[in-house]
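Please read the structure below before turning to the comments.
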Amino acid sequence: MKNFRKHIETLSIYALMGSCFVFFQCKNHEENKTLIPKQTNNYKWVYKPEGDYFFGPDTKHLKEGKWYADWVPNDHTFVKDSSGKWHIFGITHPLVEAESLIGNVHQGEYASFHAVSSKTNFKETIERYHYHDLPKVLSPKERPGEMLSNHAPYIFKKDGLYQMIYGPSPIRLATSSDLYKWETKGKLFHEKEGARDPNLLFHDGMYYIVYCSNKCVKMRKSSDLKNWSEAETILVTNKFDPESPSLIFHNDAFYLFVCSWDGNWDGKDIKGAYQFKTYVYHSTDKISFGTDHEKEITTLKSHAPEIFKDENNQWYISSVEWPYRGVSIDKLNWE
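Using UniProt numbering, the letters of the sequence shown map in sequence onto residues 1 to 335.
As structure tokens, then:
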């Protein structure tokens, strides 16, 4: 009888161990499942730059000091200040009117728009009219000695200062204590084959900067924002030209969002120059997203997207020039 009870106890222990193994296996499987970002396809228009005088210098179709009512935004970034208000910065220039926009559509992209919310809860800011215009930042007159173009700012906070990285190559840095007044700090690095649309991920104590180059997305890393590694190609895009990459770490994996440009445009309708197909790639290795659609997991609708979370951990995807002139926001969920 004693041996029988001992045998039963042994079987019970094995059964419990088996149950625990199955539980942890299921839990581990769920944690490692590849989550797919899904947008609600309910974009909320939140901001469009107001009319302003062109900061100059003159271009073929734009004149310094002239008032332009319609301004076009492009690559942008969201950042929350110390008081809790949300700010948007991004490329902008007056709408160019010409018989053909080929070669003219990006004229005058020399400074960033700046807008701030009247609310501190992001969910409330995406209702209409909560962002208002502020003076443009880092026009050529504020950046003596630099090239004219000021593209695709990305902003984050480090050591009590807001850090703005921007392109095109050379990728440059500016800092601010309050998001209103900026001081240029020179170049971070130069990319021989070109570098545009920088985006940054801070992960495990390292800064990873991703940017578009010739038919590819590249990455460099740094521990101090000053000394950068040599470039590594993380995605090859033979079938399209990449734009506006965003790299995030989520659910123990890396997700790379890349907007595509396929070159199909009549040169007359400005919306055709701002294509809204964004590919999403998944990888457990931050430097390996394959070639073309090899590691693609889904496609989203957005031009120049930013992927970010609000204070309540709700994910969002932004878009410019589609579906509306200006900046629009859609919710993003993971399934």
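For every residue, glycine included, the Cβ atom is placed at its ideal position computed from N, Cα and C.
Note down the Cα distance separating residue 122 from residue 286, rounded to an integer number of angstroms.
Translated into the one-based positions of the sequence shown, residue 122 becomes position 122. Translated into the one-based positions of the sequence shown, residue 286 becomes position 286. About 29 Å.
Just tell me which of 192, 193, 190 and 166 has its CA closest to the CA of residue 183.
Within the sequence shown, residue 183 is the residue found at index 183, counting from 1. For residue 183, the nearest C-alpha among the options comes from 166.
Could you pull the start and end residues of the beta strand (DSSP E) that residue 48 belongs to?
Numbered from 1 along the sequence shown, position 48 holds the residue referred to as residue 48. Note, residue 48: premise wrong, no beta strand (DSSP E); not H, not E.
Considering only the beta carbon of each residue, do residue 340 and residue 161 sit closer than 9 Å?
The structure shown does not extend to residue 340, since the chain is modelled only from 1 through 335, so no value can be given for it.
Other residues of its chain near residue 187: CB distance less than 6 Å, five sequence neighbours each side excluded
Taking the first residue of the sequence shown as 1, we reach residue 187 at position 187. 170 and 172, listed in sequence order.
Would you mind reading off the limits of the beta strand (DSSP E) that contains residue 59?
Numbered from 1 along the sequence shown, position 59 holds the residue referred to as residue 59. No beta strand (DSSP E) holds residue 59; DSSP gives it neither H nor E.
Quick check: the segment 36 to 51 against the segment 258 to 268, are at least 3 beta-carbon pairs closer than 8 Å?
no
Contacting residues, own chain, Cβ-Cβ under 8 Å from residue 227 (five flanking each side not counted):
In the sequence shown, the residue the question calls residue 227 occupies position 227. Cβ within range, chain order: n/a, list empty.
Cβ neighbour criterion (16 or more within 10 Å) applied to residue 316
Locating residue 316 in the sequence shown gives position 316, where the first residue counts as 1. Label assigned to residue 316: buried.
Could you check the C-alpha separation between residue 311 and residue 80 for me, to the nearest Å?
Counting from one through the sequence shown, the residue named residue 311 turns up at place 311. Counting from one through the sequence shown, the residue named residue 80 turns up at place 80. Looking at the backbone, the Cα of residue 311 and that of residue 80 are separated by about 9 Å.
Could you compute how far the alpha carbon of residue 185 sits from the alpha carbon of residue 89?
Here residue 185 refers to the residue found at position 185 of the sequence shown. Here residue 89 refers to the residue found at position 89 of the sequence shown. Their backbone Cα atoms lie some 18 Å apart in a straight line.
Give the straight-line distance between the Cα atoms of residue 213 and residue 302, rounded to the nearest whole angstrom.
Stepping through the sequence shown from its first residue, residue 213 is reached at position 213. Stepping through the sequence shown from its first residue, residue 302 is reached at position 302. Going from the Cα of residue 213 to the Cα of residue 302 covers about 20 Å.
Counting along the chain, where does the alpha helix (DSSP H) carrying residue 278 start and finish?
Here residue 278 refers to the residue found at position 278 when the sequence shown is read from its first residue. Here residue 278 belongs to no alpha helix (DSSP H); instead the beta strand (DSSP E) covers 277 to 283.
Cβ shell of residue 34 (< 6 Å), same chain only, five flanking positions each side left out:
Looking up residue 34 in the sequence shown gives position 34. So the list reads 282, once near-sequence residues are dropped.
Are the Cβ atoms of residue 93 and residue 72 separated by less than 9 Å?
Translated into the one-based positions of the sequence shown, residue 93 becomes position 93. Translated into the one-based positions of the sequence shown, residue 72 becomes position 72. Cβ atoms of residue 93 and residue 72: closer than 9 Å.
Residue 148 versus residue 62: straight-line alpha-carbon distance, rounded
Numbered from its first residue, the sequence shown carries residue 148 at position 148. Numbered from its first residue, the sequence shown carries residue 62 at position 62. Between residue 148 and residue 62, the C-alpha separation is close to 14 Å.
To which residues does DSSP link residue 172 through a beta bridge?
As a working note, residue 172 is residue 172 in the sequence shown. Paired residue(s): 166 and 187.
Please report the straight-line C-alpha distance between residue 27 and residue 277, rounded to a whole angstrom.
Reading the sequence shown from its first residue, position 27 is the one you call residue 27. Reading the sequence shown from its first residue, position 277 is the one you call residue 277. Below a pLDDT of 50, predicted positions are generally treated as unreliable, and residue 27, at 44, falls in that range; no measurement from the model is reported.
Name the one or two DSSP bridge partners that residue 314 has.
Counted from its first residue, the sequence shown places residue 314 at position 314. Per DSSP, none; premise fails for residue 314.
Assuming the contact rule is C-beta atoms closer than 8 Å, residue 152 and residue 197 should be a hit. Round their C-beta distance to whole Å, please.
The residue you call residue 152 lines up with position 152 of the sequence shown. The residue you call residue 197 lines up with position 197 of the sequence shown. Between residue 197 and residue 152 the Cβ distance is about 4 Å, and since that is below 8 Å, they are a contact.
Length of the line joining the Cα atoms of residue 274 and residue 321
Within the sequence shown, numbered from 1, the residue matching residue 274 stands at position 274. Within the sequence shown, numbered from 1, the residue matching residue 321 stands at position 321. The straight-line gap from Cα to Cα measures roughly 6 Å.
Counting C-beta neighbours from all protein chains within 10 Å, is the total for residue 178 16 or more, i.e. buried, or is it exposed?
Position 178 of the sequence shown holds residue 178. By the 10 Å Cβ count, residue 178 comes out exposed.
Contacting residues, own chain, Cβ-Cβ under 8 Å from residue 175 (five flanking each side not counted):
In the sequence shown, the residue the question calls residue 175 occupies position 175. Exclusion of the five residues before and after residue 175 leaves 161, 162, 163, 164, 182, 183 and 185 as the residues of its chain whose Cβ lies within less than 8 Å of its Cβ.
At which residues does the alpha helix (DSSP H) containing residue 122 begin and terminate?
The residue given as residue 122 occupies position 122 in the sequence shown. Segment 122 to 125, the alpha helix (DSSP H) holding residue 122.
Residue 110: buried (16+ other C-beta within 10 angstroms of its C-beta) or exposed?
Here the question's residue 110 lines up with position 110 in the sequence shown. By the Cβ-count criterion, residue 110 is buried, with 16 or more other Cβ atoms from all chains shown falling within 10 Å of its own Cβ.
Rounded straight-line distance, which links the Cα of residue 108 to that of residue 64
Position 64 of the sequence shown holds residue 64. Position 108 of the sequence shown holds residue 108. Cα to Cα, residue 64 sits roughly 10 Å from residue 108.
Would you check if the distance between the CB atom of residue 254 and the CB atom of residue 308 is smaller than 9 Å?
Start at 1 with the first residue of the sequence shown, and residue 254 comes out as number 254. Start at 1 with the first residue of the sequence shown, and residue 308 comes out as number 308. No, the pair does not count as a contact, with Cβ atoms beyond the cut-off.
Pairwise C-alpha distance: residue 252 and residue 293:
To locate residue 293, count along the sequence shown from 1; it is residue 293. To locate residue 252, count along the sequence shown from 1; it is residue 252. Approximately 21 Å, taken between the alpha carbons.
Sorted by chain position, which residues of the same chain lie with C-beta nearer than 6 Å to residue 50's C-beta, five sequence neighbours on each side aside?
Position 50 of the sequence shown, counted from the start, is the residue given in the question as residue 50. Answer for residue 50: 133, listed in chain order.
Beta strand (DSSP E) runs wholly inside the segment 240 to 297, at least 3 long, in chain order
241 to 250, 253 to 261 and 277 to 283
Flag this pair as yes or no: are the beta carbons of residue 140 and residue 57 separated by less than 9 Å?
Within the sequence shown, residue 140 is the residue found at index 140, counting from 1. Within the sequence shown, residue 57 is the residue found at index 57, counting from 1. Contact: yes.
On a Cα-Cα basis, can you pick out the residue from 250, 37, 70 and 54 that is closest to residue 341?
No answer is possible for residue 341: it lies beyond the span of the chain, which begins at 1 and ends at 335.
Under the three-state DSSP convention, the category residue 142 falls into:
To locate residue 142, count along the sequence shown from 1; it is residue 142. In the three-state reduction of the DSSP assignment, residue 142 falls in the helix class, which pools H, G and I.
Can you have a look at residue 206 and say buried or exposed, based on whether 16 or more other CB atoms are within 10 angstroms of its CB?
As a working mapping, residue 206 is identified with position 206 in the sequence shown. When all chains shown are included, residue 206 counts as exposed.
With a cut-off of 8 Å on the beta carbons, I'd call residue 245 and residue 211 a contact; round off their distance for me.
As a working mapping, residue 245 is identified with position 245 in the sequence shown. As a working mapping, residue 211 is identified with position 211 in the sequence shown. Yes, they are in contact, since the Cβ atoms of residue 245 and residue 211 sit about 7 Å apart, within 8 Å.
Segment limits, beta strand (DSSP E) that includes residue 132
Start at 1 with the first residue of the sequence shown, and residue 132 comes out as number 132. DSSP places residue 132 in the uninterrupted beta strand (DSSP E) bounded by 131 to 137.
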